[in-house]
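First up is the structure itself, then whatever we jot down about it.
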Amino acid sequence: MVTIERDRYVVFKILLDDTKTEIEDLKRNVWSMYQRLYGLDGTTEAGLFFEEYDNEKRIGLVRCNSKSLSYLMTSFAMIREIDGAELLILPLFVTGLINKAKKYVSALSSPNHNID
Amino acid sequence: MQKDKDFSFNTSSSSENFISLDQTNSIETFCEIANQLSVSVLFFEDITISERNTMILNIESRPYNVFSPSFVYEQLKNEHTSNERIKDGFNKFLIAKENNSIIVATRKTLFESTKDELMRALSKNRRQYEIISVNTNNKDLLKWVAHDRRLDYISIDLRSKPSIIDNALCSLVKQNSKCFEIILSPLLLSDNNKDFSSIIRTGKKIMKLILSYNAPFIFTMCPQTPMQMRSGKLLRYIGELLGVPFNKSKLAVFDYQLSTLVDNTVKLHENYVFKGVKEVIG
Numbered sequence: 095m096v097t098i099e100r101d102r103y104v105v106f107k108i109l110l111d112d113t114k115t116e117i118e119d120l121k122r123n124v125w126s127m128y129q130r131l132y133g134l135d136g137t138t139e140a141g142l143f144f145e146e147y148d149n150e151k152r153i154g155l156v157r158c159n160s161k162s163l164s165y166l167m168t169s170f171a172m173i174r175e176i177d178g179a180e181l182l183i184l185p186l187f188v189t190g191l192i193n194k195a196k197k198y199v200s201a202l203s204s205p206n207h208n209i210d
Numbered sequence: 003m004q005k006d007k008d009f010s011f012n013t014s015s016s017s018e019n020f021i022s023l024d025q026t027n028s029i030e031t032f033c034e035i036a037n038q039l040s041v042s043v044l045f046f047e048d049i050t051i052s053e054r055n056t057m058i059l060n061i062e063s064r065p066y067n068v069f070s071p072s073f074v075y076e077q078l079k080n081e082h083t084s085n086e087r088i089k090d091g092f093n094k095f096l097i098a099k100e101n102n103s104i105i106v107a108t109r110k111t112l113f114e115s116t117k118d119e120l121m122r123a124l125s126k127n128r129r130q131y132e133i134i135s136v137n138t139n140n141k142d143l144l145k146w147v148a149h150d151r152r153l154d155y156i157s158i159d160l161r162s163k164p165s166i167i168d169n170a171l172c173s174l175v176k177q178n179s180k181c182f183e184i185i186l187s188p189l190l191l192s193d194n195n196k197d198f199s200s201i202i203r204t205g206k207k208i209m210k211l212i213l214s215y216n217a218p219f220i221f222t223m224c225p226q227t228p229m230q231m232r233s234g235k236l237l238r239y240i241g242e243l244l245g246v247p248f249n250k251s252k253l254a255v256f257d258y259q260l261s262t263l264v265d266n267t268v269k270l271h272e273n274y275v276f277k278g279v280k281e282v283i284g
């Protein structure tokens, strides 16, 4: 039987006190937390890929396997600091369509965003 | 074609049950982050009801509004009679977009280890806080707590021994409509892998027993700083690490907390006589 692996796109926002977060630091932390919780095997199956990240607005988009969505959320919830700075990764929106996810990100990035 | 399942994280309310204030963090900083996380009910530890009321008055105008539970109850008490209806009223009040509101409640955790000490502490603190919970390692005391109507939660730290929770206690908690309060912060704060795995192991044992009895439980993050707060959904995802399925923890992040708060707010109101009876003027 052929099974199709579906992707999920998660739009997230980083709440941080003052310092800026680089995408590389963020990637490293998400990967290491995921690996700490679910092992190397789980991490490879998740298919994590950071599609985009706005450094100014601290809004990003990450792709993962649909079956690993809850594991990714748990990893987000468990991250509490990057390089000694406290932060909180807040997932905002989950969708299976990349265009929809990008539309959401661009709406958030615009100055007067209004998302229903 | 299968419909795509999109969902937004900002639609559901949640509550943070155990916030300790210190000199560096004020009530406003917690409310600010809570507003972004859609956490609509905050319980502050060791702040009495009168202190809370003064703090609320001192909060300057912000994009959110802060209320006390008694204020909301005053608005609703003439419209609704039963506690269930009042709870619905609280829910509607929190959901209403124009209010953008956060309810600030108070709580006290008692750490006494004997019954006499606990009774003494209880008589001292009872009417000064909206929620009272007990955190102890004494097994017999926990069974007494499960019977007592003045106490609301049994707090469980994941670093404590799993043997303090047993079948009899779970059964008693369920019968007396009490709640287990599971403090998840040790999971977040442990840096050591060995420590982390032992916490998960303890948590899984406790949660397996609680789930087998369908005893009510709530999750709390017990944040020391605003950044340690988590939204309800994220708490439920952390709960999955302890073997609690996402769908079984739906009531553990908002509903039980709100029901307890509403019940206690009604009890603390001056019109309350005893259960089911209240004084009506006019």
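Protein chains in written order, with this note's numbering: chain A, 95 to 210; chain B, 3 to 284.
Idealized CB from N, CA, C, for every residue including glycine.
All values reported here derive from a predicted model rather than from experimental measurement.
DSSP, read as helix, strand or coil, puts V246 (chain B) in coil.
Taking C-beta separations shorter than 6 Å and ignoring five residues to either side along the sequence, the partners of I192 (chain A) in its chain run Y103, following chain order. Within the same chain, Cβ atoms closer than 8 Å to the Cβ of A123 (chain B) are found at L112 and E114, the five residues on either side in sequence being excluded. Annotation: the continuous alpha helix (DSSP H) that includes I208 (chain B) extends over N195 to S214. The beta carbon of I173 (chain A) sits closer than 6 Å to the beta carbons of N123, M127 and I183 from its chain, once the five residues preceding and following it are set aside; these are given in chain order. Contact between the stretch 200-215 of chain B and the stretch 150-167 of chain A is not established, with fewer than three Cβ pairs separated by less than 8 Å. Setting aside the 5 residues that flank it on each side, K207 (chain B) is surrounded in the same chain by P164, each with a C-beta closer than 8 Å to its C-beta; the list follows chain order. Annotated three-state conformation of R157 (chain A) is strand, per DSSP.
Judged by beta-carbon spacing, D154 (chain B) lies within the 8 Å limit of I134 (chain B), meaning their Cβ atoms are closer than that value.
A direct Cα-to-Cα measurement between L59 (chain B) and E99 (chain A) gives close to 54 Å. At the C-beta level, S22 (chain B) and S42 (chain B) stay beyond 8 Å of one another.
Residue-level contact by beta carbon fails for E150 (chain A) and chain B, as no gap is shorter than 8 Å. Look at F248 (chain B): its C-beta is under 8 Å from a C-beta on chain A. G136 (chain A) sits close to Y165 (chain A), with the two beta carbons spaced by under 8 Å.
Chain-ordered, the chain A residues with CB closer than 7 Å to the CB of L190 (chain B) read M172 and R174. Sequence-distant partners of N159 (chain A) (beyond 5 residues in either direction) whose C-beta falls short of 8 Å from its own C-beta, in its chain, are E99, R100, D101, R102, E139, A140 and G141. M57 (chain B) counts as buried, since no fewer than 16 other beta carbons sit within 10 angstroms of its beta carbon. In the three-state DSSP reduction, D150 (chain B) falls in the coil class, being neither helix nor strand.
The three-state secondary structure of T262 (chain B), taken from DSSP, is helix. Contact annotation for S126 (chain A) against chain B: no contact, minimum CB-CB distance about 12 Å [criterion: below 9 Å]. For N266 (chain B), the closest of B:Y131, B:A36 and B:N55 by C-alpha to C-alpha distance is B:Y131. Taking each of A:I108, A:K121, A:K114 and A:L131 in turn and checking the Cα distance to L243 (chain B), the smallest one comes out for A:L131.
If the five residues before and after D168 (chain B) are omitted, its C-beta is found closer than 8 Å to the C-beta atoms of K141 and L211, all from its own chain and listed in chain order. Looking at B:H149, B:M121, B:L189 and B:V246, the one whose alpha-carbon comes closest to that of K176 (chain B) is B:H149.
Under the three-state reduction of DSSP, D257 (chain B) is assigned to helix. With a 10 Å radius around the Cβ and a threshold of 16 neighbouring Cβ atoms, Y239 (chain B) comes out buried.
Less than 8 Å divides the Cβ of N37 (chain B) from the Cβ of I104 (chain B).
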